[in-house]
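Undergrad:
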Amino acid sequence: MAARILQGIAVSAGVSVGKAFFLNRRRFDLIPRQTVAQDLAPFEEERLRLAFELTQADMAAARDKVPAELKEHAAIINTHLAICKDPKLLNKALKTVREMGITAEWALEKAVDEIGEAFSAIEDPYIRERYQDVQVVADRIQSRLMGQGKIGDIKAIRNRAVLLAHDLTPADTIGIEVSKIMSLATEMGGKTSHTGILARSLQIPALVGVTDLEEHVMDGQLVIIDGLKGRLIVDPDEEELAYYSDLKYQFEDYQASIIRDCSLPGETLDGYRVEVLANIELFEEVTAALDSGAEGVGLYRTEYSFLNRRELPSEEELFEEYSEMASIMHPRTVVFRTLDVGGDKILKDWNLPGEPNPALGLRAIRFCLKHRDLFIRQLRAILRASEFGNIAVMFPMISGLKEVREAKALWQRARQELRAEGRRIAQDIPLGIMVELPSAVMIAESLAREVDFFSIGTNDLIQYSLGIDRTNKHVSYLYQPLHPSVVRSIKQVVDAAHQVGIEVAVCGEVASDPYCVPILMGMQVDALSIAPQAIPGIKRVIRQTTMDECKGLLKHVLESDTVGAINRHVKDAIFKRSPEELTFYSSILDMDEG
Amino acid sequence: MNEKHIQHDTSANTRHVCVRNELGLHARPAARLAQEAQRFASDIQLIQGDLEVDAKSILDILSLAAGQGCALTLKAEGEDAGQALDHLSTFIENLLPEEN
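Residue numbers (the numbering used here), protein chains in the order written: chain A, 1460 to 2053; chain B, 291 to 390.
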């Protein structure tokens, strides 16, 4: 049979060749939708009871294995367990078997559908969405019923395998024995899904959103995961096998060499230094940051400890987290970005139903200036952490001077409060802002006089400049990181900052894109703040180039007025420098388009 | 989910409670409440307005979408009804933001 190539999204780089092992499947090819003879109904009922029991045991076992630091995961599994133990679900299915005389599988499907209907009538969107949890549980029971008990049992893998799944929930991944997994691929999921985070932390290749994965791949089949180009090849031929085995070897070689060099400074061949910092979302990532050669944390997203909670974190709790981060990174600097979400993400009660367009709504600094008690609480925690290391703080989504001044005033107020309480605080804590709105770009020079540093958030800047939501598939083709307007905006901000004499960093995907970095270098940005796992590769790019070349490239780019022309210049430049490593670079740019 | 209309209920085996925690009976408190209720032999119902649901069923509890400030009635029938009411009303009244 000829090889079949399935397209997916690469979320963790690398290549692997191995046998497929399905952890779970969503699509149950053949749910036996049959009637059964009356005397067999008790047998079907018994199968149902057993499947429920076994699933409960699986879940309880998975929960008990959850390490203490992953209590969120344990809580999710607990909820699933409660659903599985719910007498309603089982009784409904049992009753359906009895009354309709049908198979256990079909009865379960009907019972779940019925529950789905009831849920769809619930007004509270949070509770309505819990139906997804019911489905997750039902899938597990279903696979037990269908004799696929081994599915989901990773212990059944003898040799290392390519782990495939419909979707990987945190609960699924808990029991995974890492050493047995060569790579991961799921049918569901996008760039930001849990699978990607897991794979990157395990440093194995992974794909998500693989179209028709479950339809085309069978357990035990030979597959190739191309985590560089985002492809999965089923039943490869000799030629493909040879090509990919070679590529795998080369990639691992490249990976080993950039990791070996990752503690070297980000310095061009002609001696120009740029700081390479880490973006951190979860506290745990701090280890990865240090291991990858981060010279500091350029963006600590502080949202996480506010999300998915029933009550806001206390100042004390935040202080503990922040001071620990500061002391772990010491003497490197940690830049805390204050809360960058809307109220709806934090507490349900703050959901403003009247916000039709949350991206343009009450979020980030706007939200904080409206809820000052909360903002002050966070600022106090950050200030108190300053005693434990080198910290800086920045405000997100600044649109004008007034917001900066108000935020600074609250910062001062928090500082005075703490002084009055006799607490120790570091003397000079740099204050900065995120430049990510076109309005801030236009008045960058005025803003620069108000603060100690800028950090350009390119992801939002691109979206707001081009007026598109990149997650909207109808317009995502317009997401062009090197649109002339974007490049010129970044240049304008860097120049304004340097004119006033403050430093400027770039955070956002552009800063971790090997194709885009030379342009930023040409602008002489002071720091790049990127995902920890991107640091070794980006340092390599920096260390292979010269400032002269970057400036030359920037000149061409600024003279271009189409995205196509800019992308070509960028591609030529990097090809000249490192043709043999080009295969290993993944880019957010669309390189196929002229 | 069973939603029955009830005529009236003021008999001795009921208890009025108020949901005080901020997010109400959402997934996790609902899971814990069902778990607690399952420890008793009695039939236990949770009543809100004219809805009456099984307190041992997380799916039923969720269907109430009982938010903060919601007044609920617990009803128990069985040998350990009294204990069940004591325990569960205390449990609901003292629902705190998840400790774990």
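The beta-carbon is built from N, C-alpha and C at its ideal position, and this holds for glycine as well. Computed from a predicted structure; not experimentally measured.
To the nearest angstrom, how far is it from the Cα of residue 2038 of chain A to the Cα of residue 2003 of chain A?
TA: Computed Cα separation, rounded: 12 Å.
Undergrad: Output yes if chain A places a C-beta closer than 7 Å to the C-beta of residue 342 of chain B; else output no.
TA: Cβ-Cβ to chain A under 7 Å: no for residue 342 of chain B.
Undergrad: What does the alpha-carbon distance come out to for the pair residue 1945 of chain A and residue 1924 of chain A?
TA: C-alpha separation (whole angstroms): 7 Å.
Undergrad: Identify which residue in A/1518, A/1620, A/1494, A/1524 has its Cα closest to the Cα of residue 1481 of chain A.
TA: Residue 1481 of chain A has its Cα closest to that of A/1620, out of A/1518, A/1620, A/1494, A/1524.
Undergrad: For residue 1620 of chain A, which of helix, strand or coil comes out of DSSP?
TA: Strand at residue 1620 of chain A.
Undergrad: Run through the DSSP bridge pairs and tell me what residue 360 of chain B is partnered with.
TA: Its beta-bridge partners do not exist; DSSP assigns none.
Undergrad: Give the single residue among A/1590, A/1837, A/1866, A/1471 whose Cα lies nearest to the Cα of residue 1668 of chain A.
TA: Nearest of A/1590, A/1837, A/1866, A/1471 to residue 1668 of chain A, Cα basis: A/1471.
Undergrad: Is residue 306 of chain B buried or exposed, if buried means 16 or more other CB atoms sit within 10 Å of its CB?
TA: Result: exposed.
Undergrad: Measure the alpha-carbon distance for residue 1677 of chain A versus residue 1479 of chain A and round it to whole angstroms.
TA: Between residue 1677 of chain A and residue 1479 of chain A, the C-alpha separation is close to 7 Å.
Undergrad: Between the region 1733-1741 of chain A and the region 1975-1993 of chain A, are three or more C-beta pairs nearer than 8 Å?
TA: Touching, yes.
Undergrad: Quick check: what's the CA-CA separation for residue 1565 of chain A versus residue 1714 of chain A?
TA: Using only the alpha carbons, I get a separation of about 49 Å.
Undergrad: Can you list, in chain order, the stretches of the beta strand (DSSP E) that have 3 or more residues and sit fully within the region 1473-1531 of chain A?
TA: Within the region 1473-1531 of chain A, the complete beta strand (DSSP E) runs of at least 3 residues are 1474-1483.
Undergrad: List the residues of chain B that residue 1585 of chain A touches, going by C-beta distances under 7 Å, in chain order.
TA: Here the neighbours are 316.
Undergrad: For the 8 Å Cβ check, are there 3 or more pairs between the region 1856-1872 of chain A and the region 1899-1911 of chain A?
TA: Contact holds: three or more Cβ-Cβ distances are below 8 Å.
Undergrad: What span of residues does the beta strand (DSSP E) with residue 1682 of chain A cover, start to end?
TA: First-last of the beta strand (DSSP E) with residue 1682 of chain A: 1681-1685.
Undergrad: Given that residue 334 of chain B touches chain A, what residues does it touch there, using C-beta distances under 9 Å?
TA: Going along chain A, no residue has its Cβ under 9 Å from residue 334 of chain B, so there is no contact; the nearest lies around 12 Å.
Undergrad: Looking at chain B, is there any beta carbon in it that lies within less than 7 Å of the beta carbon of residue 1545 of chain A?
TA: Closer than 7 Å: yes.
Undergrad: Taking the DSSP output, what are the residues bridged to residue 344 of chain B?
TA: Answer is B/335.
Undergrad: What does residue 1466 of chain A pair with, by DSSP beta-bridge criteria?
TA: For residue 1466 of chain A, which the question treats as bridged, DSSP gives the partners A/1690.
Undergrad: Grab the span of the beta strand (DSSP E) containing residue 1757 of chain A for me, first residue to last.
TA: Note, residue 1757 of chain A: beta strand (DSSP E), 1756-1760.
Undergrad: Taking only beta-carbon positions, decide if residue 1568 of chain A is within less than 7 Å of chain B.
TA: Cβ-Cβ to chain B under 7 Å: no for residue 1568 of chain A.
Undergrad: Given a threshold of 16 other Cβ atoms within 10 Å of its Cβ, counted over all protein chains shown, does residue 1674 of chain A qualify as buried or as exposed?
TA: With fewer than 16 Cβ atoms within 10 Å of its Cβ, residue 1674 of chain A is classed as exposed.
Undergrad: Closer than 7 Å by beta-carbon distance: list the chain B residues that pair up with residue 1541 of chain A, in chain order.
TA: 321, 324, 325, 348, listed in chain order.
Undergrad: May I ask you to list the residues that DSSP assigns as paired with residue 1890 of chain A?
TA: Paired residue(s): A/1852.
Undergrad: Please name the residue, chosen from A/1792, A/1784, A/1798, that lies closest to residue 1766 of chain A on a Cα-to-Cα basis.
TA: That would be A/1798, whose Cα lies nearest to the Cα of residue 1766 of chain A.
Undergrad: Ignore the nearest five residues each way along the sequence and tell me which others in residue 356 of chain B's own chain have a CB closer than 7 Å to its CB.
TA: Contacts found: 309, 314, 315, 338, 362.
Undergrad: For residue 298 of chain B, name the three-state secondary structure that DSSP assigns.
TA: Annotation note: pLDDT 40 at residue 298 of chain B (below 50); position unreliable, coordinate value reported separately. Residue state, collapsed to three classes: coil.
Undergrad: Counting only Cβ pairs nearer than 9 Å, list the residues of chain D close to residue 362 of chain B.
TA: The displayed structure is made up of protein chains A and B, and chain D is not among them.
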